[in-house]
Ligand SMILES: Cc1cc2nc3c(=O)[nH]c(=O)nc-3n(C[C@H](O)[C@H](O)[C@H](O)COP(=O)(O)OP(=O)(O)OC[C@H]3O[C@@H](n4cnc5c(N)ncnc54)[C@H](O)[C@@H]3O)c2cc1C
Ligand SMILES: Cc1cc2nc3c(=O)[nH]c(=O)nc-3n(C[C@H](O)[C@H](O)[C@H](O)COP(=O)(O)OP(=O)(O)OC[C@H]3O[C@@H](n4cnc5c(N)ncnc54)[C@H](O)[C@@H]3O)c2cc1C
Ligand SMILES: Cc1cc2nc3c(=O)[nH]c(=O)nc-3n(C[C@H](O)[C@H](O)[C@H](O)COP(=O)(O)O)c2cc1C
Ligand SMILES: Cc1cc2nc3c(=O)[nH]c(=O)nc-3n(C[C@H](O)[C@H](O)[C@H](O)COP(=O)(O)O)c2cc1C
Ligand code: FES
Ligand code: FES
């Protein structure tokens with residue numbers, strides 16, 4: 003648990019997403035891609051903390067990035083936090099992607115909507131290992147796809163929009179790169195239907211696939227059993243045993 | 003019910019009081035001295051509105067002044083409102099002082115702590131009628147006595163502090179002006195012990211006396227019966243039948 | 003514009019499902035500056051007893067997390083004063099003026115209800131059975147199905163118009179209570195009244211309320227209220243009126259989905275004195291957005 | 003520094019009155035990163051049943067105004083797993099490790115309690131009688147004094163250490179329940195468990211929880227909890243442990259003033275995983291500021 007200082011808040015062009023850059027006053031704890039923070043939202047009638055993925059960690063500047071969608075009262079209230087304010091975080095939480103423990107050569111990182119958040123840090127981790135990741139990012143419209151230059155620092159970026167305003171028209175699972183190239187690992191985060199479709203693609207191509215779940219949480223640290231996912235090993239805690247699961251462990255109908 | 007715009011927020015030297023100047027976007031409703039507003043405090047976990055006296059109305063600028071003490075979570079949260087924000091008020095509420103309906107020549111206006119708030123507007127009303135009011139304001143220490151120039155615009159100002167740091171040392175009821183001069187009406191607002199002592203002074207000098215009560219309120223408009231004071235006419239609603247009562251109607255032991 | 007009309011039976015038809023809750027809306031007149039009160043589906047006026055009551059000593063209110071406690075104690079001038087002095091002023095309000103009737107003995111309830119029965123412009127009473135039963139040692143009428151049945155039957159005998167019975171949530175089985183009053187002749191039930199609670203000031207080491215305990219209302223009670231409305235509406239044949247913590251149209255829709263035919267708004271009036279009208283508009287919008295023609299389609303439409 | 007020690011009797015002595023509530027603190031280990039858990043007066047571990055339980059399907063949680071609903075459904079690996087796998091890991095925690103025991107039949111409760119009785123480092127169980135009684139058609143053990151008495155007596159026969167019984171607030175008379183379990187041999191009672199509530203998503207028209215209804219906890223229930231602690235502590239001879247919505251030291255002091263000898267902190271752990279330690283410090287400060295030498299002076303010190 004630590005108070006971080008708000009360095010900047012940037013509202014994205016769609017007006018619905020914003021990026022928070024938080025600075026640690028002491029060195030940030032080590033975070034793995036796919037881990038998350040539980041953010042306390044003060045001075046509102048929001049009771050519980052809100053789980054937010056760690057978008058990126060800039061070790062040199064001792065900064066943590068969060069990419070947040072105004073989904074309801076908590077994330078909306080948080081969007082009016084000011085530079086210099088403190089934000090209380092419990093972090094790092096969860097298991098994170100297993101990506102970096104393995105020998106992937108052509109990893110595919112698929113994100114939908116605000117689900118792109120953990121992929122930036124994951125892409126950076128691959129690049130650090132000398133592997134160029136492929137990002138496949140999808141959204142409804144061009145305005146929802148942001149910070150593309152950041153992703154491009156670490157890998158190739160392919161895009162889809164539902165209205166065709168940027169990249170290929172359609173869903174990420176319809177993108178041509180999926181048939182034109184061969185990947186050896188898939189890492190996905192986004193709306194459940196998207197993740198299921200991607201899991202299907204991975205299964206049919208026999209590629210290992212990890213997805214990051216966003217079950218509703220209370221404690222975020224494995225104590226309350228509110229966030230469970232029904233897995234092949236029974237009810238598992240998404241906050242502590244996840245949020246990243248190998249699709250083989252899930253009971254999804256794919 | 004109206005949204006007023008915050009024109010300025012001035013924190014007083016003691017750090018505990020602040021003055022809000024609110025501007026109406028349409029002409030402010032007519033207010034009588036001693037009336038109050040029910041202020042809605044948004045974006046916090048404060049549920050009910052908070053009753054705050056109308057401190058002053060500047061008709062020319064179409065501005066309302068409030069003088070507020072940080073007493074708890076509502077008034078503290080409100081102290082961080084920003085210029086340009088809107089504040090939702092139900093006003094004017096309550097009966098107000100009967101002062102201006104009568105022929106007072108030497109009215110004494112006694113305030114303690116933040117209870118001075120309604121007296122500024124009352125003093126202005128007397129001055130408008132061609133009567134010079136006498137303000138007797140008391141507080142714990144000099145830092146709690148503010149805006150004295152504002153009161154001096156309308157009448158003479160006498161002060162007491164408990165620590166003797168400004169004016170006479172002691173309580174308002176010990177001030178020498180009470181024995182050196184003769185008043186024909188007393189109007190008081192402040193802590194209950196102070197008001198009781200002043201009521202006693204008025205009774206022993208046979209001077210009519212009105213006090214403004216601060217009972218805890220829920221609706222503020224006379225509907226819920228939460229704020230009642232036990233009077234000679236039974237339980238009366240402080241918000242609608244008061245907040246100003248003639249001490250003869252109260253059942254105070256004085 | 004969807005059809006907002008609701009028929010609660012036995013002559014009680016509402017232009018829309020939004021009423022205001024007893025004790026939170028005075029006699030309606032207090033709110034006339036803030037909204038057109040005749041637009042409400044109904045106004046349930048203050049708890050009325052046979053005799054004048056001064057109510058409890060001050061302090062009567064404590065704010066709690068997302069709620070408030072009250073200990074007003076049914077302060078009112080008695081039914082005769084209501085009939086002579088208040089009724090003439092409110093009888094022409096163009097909405098359903100419903101009287102909330104309270105008492106501490108069966109005889110009191112009966113006598114009060116009989117007097118209200120004579121008032122042409124009062125289409126219904128809401129029988130508040132959460133008051134202590136003085137004859138039975140302070141146990142409330144509303145916590146024992148047998149006693150509730152007795153008082154409702156007795157009132158039913160003298161009251162010929164719509165008899166709504168208001169249930170207290172401070173019971174082990176709300177369905178037993180609801181079934182009992184239905185059997186005794188209630189035309190509808192409303193729930194919930196306040197939950198019994200308490201607040202303490204740690205600084206002074208005293209209870210905040212003069213009566214130590216009081217009734218909890220506001221958003222904090224909504225989950226309990228919704229649960230009870232859902233449970234009761236599944237077992238009852240007569241309509242259910244839902245209340246407890248409704249602050250906006252979304253909350254009201256939740257109660258309708260849970261099984262309520264109409265709702266009452268209480269504590270919310272204190273925070274937004276025009277909230278009743280806003281909720282009516284909001285329900286209409288919800289129906290339009292969801293392609294529904296009548297608010298009756300919402301009642302009990304929860305997908306489980 | 004005041005004396006914070008509390009003796010709950012029958013061998014259960016707490017270094018301070020602050021425990022953590024079952025189901026909200028795992029087995030304690032989950033919180034070890036955030037505080038020195040051995041500083042707590044006690045840790046009441048997860049609800050343990052005779053057999054393994056998978057609990058209810060997801061979703062199990064809904065946030066409500068100043069509160070939350072949960073429908074975890076007692077997910078746990080059963081008492082044998084606890085004895086073999088978990089107990090060895092936690093038995094050396096330098097505080098009172100108390101096991102919350104749940105069941106759906108008297109036999110289950112008895113069998114589970116008997117197994118826990120053998121564990122040297124477990125000084126007490128907290129008997130959770132708010133679970134549905136499968137033999138009596140789902141009615142909970144905790145809502146009928148006779149049934150409660152039966153289960154508590156049966157457990158008392160096999161359990162020789164401190165037997166704390168946890169009461170559910172979903173009853174008409176909490177004092178009847180408390181008196182029944184005291185008579186049956188409880189060494190202390192803890193209250194309140196969760197209030198039964200419900201949340202609905204108006205957009206999808208579905209209940210938020212997979213089980214439709216769930217248990218309400220958090221600040222919103224504090225007024226009800228305080229009231230019940232006050233009522234119960236007036237009639238009981240054994241100590242009362244108070245909980246329900248305690249978020250900070252002031253809340254804890256309120257429960258002590260109302261009559262509790264100790265408190266449990268539940269939902270607050272989710273928002274501030276170090277809250278237990280902060281509450282201990284805060285109570286100590288309160289005692290110092292008020293010139294009190296021992297926390298026991300606070301218990302029941304409400305001035306009414
Ligand atoms: C491990 C994890 C990582 C996450 N990472 C991010 C991130 O990086 N950026 C981001 O913007 N969001 C992320 N989320 C989702 C984020 O936590 C929710 O959007 C947020 O909690 C909503 O809070 P609110 O108060 O704004 O909305 P609320 O008012 O609580 O709810 C708004 C709507 O969202 C629904 N909702 C609430 N919580 C969740 C949830 N956990 N999952 C799905 N729906 C929910 C509600 O039912 C409601 O319909 C993550 C969630 C998890 C579990
Ligand atoms: C008619 C009227 C006019 C008022 N005018 C002013 C004014 O001009 N300026 C000003 O600063 N204050 C005024 N007050 C008092 C003001 O309403 C309270 O200080 C405020 O409601 C406290 O709210 P809070 O949320 O800050 O404190 P809370 O957190 O609610 O409470 C803080 C402390 O104050 C106590 N308290 C709460 N409400 C009241 C109350 N109504 N009376 C006494 N004690 C209370 C609580 O018990 C607690 O100890 C007035 C009150 C009334 C009834
Ligand atoms: C100040 C106050 C006074 C009340 N008086 C009565 C009453 O006289 N009769 C009654 O049946 N209910 C009374 N109630 C209960 C409300 O009608 C309603 O049942 C309860 O407040 C729950 O609804 P809410 O959460 O919308 O306020 C009163 C409630 C409050 C807050
Ligand atoms: C997620 C969750 C799980 C719970 N599990 C249990 C349990 O297994 N056994 C039990 O007796 N109480 C259980 N409770 C109830 C708490 O122990 C406590 O009685 C209740 O939450 C009220 O306290 P609070 O408001 O401080 O949370 C649970 C509560 C929550 C929120
Ligand atoms: S949120 Fe509590 S266990 Fe996952
Ligand atoms: S505050 Fe409601 S009647 Fe005065």
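Protein chains in written order, with my numbering: chain Z, 3 to 256; chain D, 3 to 256; chain S, 3 to 306; chain L, 3 to 306. All C-beta atoms, glycine included, are put in the ideal place defined by N, C-alpha and C.
- prompt: By DSSP, does residue 121(Z) sit in helix, in strand, or in coil?
  reply: helix
task: Could you tell me whether any Cβ in chain Z is nearer than 8 Å to the Cβ of residue 77(D)?
output: no
message: Below 7 Å on C-beta distance, what does residue 207(L) contact in chain S?
response: 259, 303, 304, 305
query: Beta-carbon of residue 46(L) versus every beta-carbon of chain Z: anything under 8 Å?
result: Residue contact with chain Z for residue 46(L): absent (no Cβ-Cβ distance below 8 Å to any residue of chain Z).
query: Is there at least one Cβ from chain D nearer than 8 Å to residue 45(Z)'s Cβ?
result: yes
- prompt: What residues of chain S sit near residue 282(L), judged by a beta carbon separation below 9 Å?
  reply: Near residue 282(L) there are no residues of chain S at all, since even the closest Cβ is about 16 Å away, more than 9 Å.
- prompt: When we look at the beta-carbon of residue 96(S) and count the other beta-carbons within 10 Å, is it buried (16 or more) or exposed?
  reply: Residue 96(S) is exposed by the Cβ-count criterion.
field: Against chain L: residues of the segment 204-237 of chain Z by CB proximity under 8 Å
entry: 217, 218, 219, 220, 221, 222, 223, 224, 225, 226, 227, 228, 229, 230, 231, 232, 236, 237
- prompt: residue 51(Z) versus chain L: which residues are under 8 Å apart at the beta carbon?
  reply: 272, 273
query: Is it the case that the CB of residue 86(L) approaches a heavy atom of ligand 2 more closely than 7 Å?
result: no
task: Consider the Cβ of residue 298(L): report whether some Cβ of chain B lies at a distance smaller than 8 Å.
output: Absent from the structure is chain B; the protein chains it does hold are Z, D, S and L.
query: So the beta strand (DSSP E) residue 176(D) belongs to, where does it begin and stop?
result: Here residue 176(D) belongs to no beta strand (DSSP E), and DSSP marks it neither H nor E.
field: Separation of residue 257(S) from residue 231(S), as counted between CA atoms
entry: 7 Å
message: Considering just the uninterrupted stretch of the alpha helix (DSSP H) at residue 119(L), what are its terminal residues?
response: 108-119
field: residue 3(Z): contacting residues in chain L (beta-carbon distance under 7 Å)
entry: 36, 275, 276
- prompt: Closest Cβ-Cβ distance between residue 125(L) and chain S: below 8 Å?
  reply: no
- request: Please say whether residue 75(S) and residue 58(S) have beta carbons closer to each other than 8 Å?
  value: Closer than 8 Å, so yes.
- request: Tell me, please, whether the CB atom of residue 252(S) is closer than 8 Å to any CB atom in chain D?
  value: Residue contact check for residue 252(S) against chain D: no CB pair falls below 8 Å.
- prompt: What residues in its chain sit with their C-beta under 8 Å from that of residue 212(L), if we drop five residues either side in the sequence?
  reply: Counting only Cβ-Cβ distances below 8 Å, and skipping sequence neighbours, we find 58, 59, 60, 61, 62, 73.
task: Check the Cβ-Cβ distances between residue 67(S) and every residue of chain D, and say whether any is below 8 Å.
output: Answer yes: the Cβ-Cβ gap between residue 67(S) and chain D drops below 8 Å somewhere.
query: For chain D, is any of its Cβ atoms less than 8 Å away from the one on residue 25(S)?
result: yes
- prompt: CB of residue 240(D) to nearest heavy atom of ligand 6: below 7 Å?
  reply: At least one heavy atom of ligand 6 sits closer than 7 Å to the Cβ of residue 240(D).
- request: Mind checking who residue 1(L) pairs with in its DSSP beta bridge?
  value: In the structure displayed, chain L extends from 3 to 306; residue 1(L) sits before or after that span and is not available.
message: For residue 122(S), count the other beta carbons within 10 Å of its own beta carbon; 16 or more makes it buried, fewer makes it exposed. Which is it?
response: exposed
Proximal residues, the segment 206-233 of chain S versus chain L, C-beta separation under 7 Å: 207, 208, 209, 214, 215, 218, 221, 222, 224, 225, 226, 228, 229, 232
- prompt: Among 27(S), 303(S), 233(S), 298(S), which one has its Cα closest to the Cα of residue 5(S)?
  reply: 298(S)
task: Figure out for me which residue from 118(Z), 5(Z), 43(Z), 63(Z) has the closest Cα to the Cα of residue 2(Z).
output: This structure leaves residue 2(Z) out entirely; chain Z is present only between 3 and 256.
field: Distance between beta carbons of residue 40(D) and residue 1(D), contact taken as under 8 Å
entry: Outside the displayed range of chain D (3 to 256) lies residue 1(D), so it cannot be described from this structure.
message: Against residue 169(S), what residues of chain L qualify as contacts under a CB-to-CB distance less than 8 Å, listed in chain order?
response: By Cβ distance, chain L contributes nothing, its closest Cβ being about 12 Å from residue 169(S), past 8 Å.
message: Could you check whether residue 101(D) and residue 109(D) sit closer than 8 Å to each other, using their CB atoms as the reference points?
response: yes
- request: Check whether the segment 228-243 of chain L touches the segment 260-277 of chain S, taking contact to mean three or more Cβ pairs, one atom from each stretch, closer than 8 Å.
  value: Segments in contact, no.
message: I'd like to confirm something about residue 69(D): is its beta-carbon nearer than 7 Å to some heavy atom of ligand 2, or not?
response: At least one heavy atom of ligand 2 sits closer than 7 Å to the Cβ of residue 69(D).
message: Excluding the 5 residues flanking residue 244(L) on each side, which residues of the same chain have their C-beta closer than 6 Å to its C-beta?
response: 231, 257, 262, 265
query: When the Cα of residue 209(D) is compared with those of 227(D), 201(D), 127(D), which residue comes out closest?
result: 201(D)
- prompt: Between the beta-carbon of residue 269(L) and the beta-carbon of residue 70(L), is there less than 8 Å?
  reply: yes
field: Same chain, Cβ closer than 6 Å to residue 93(S), neighbours up to 5 away in sequence not counted
entry: Excluding sequence neighbours, residue 93(S) sits near 123.
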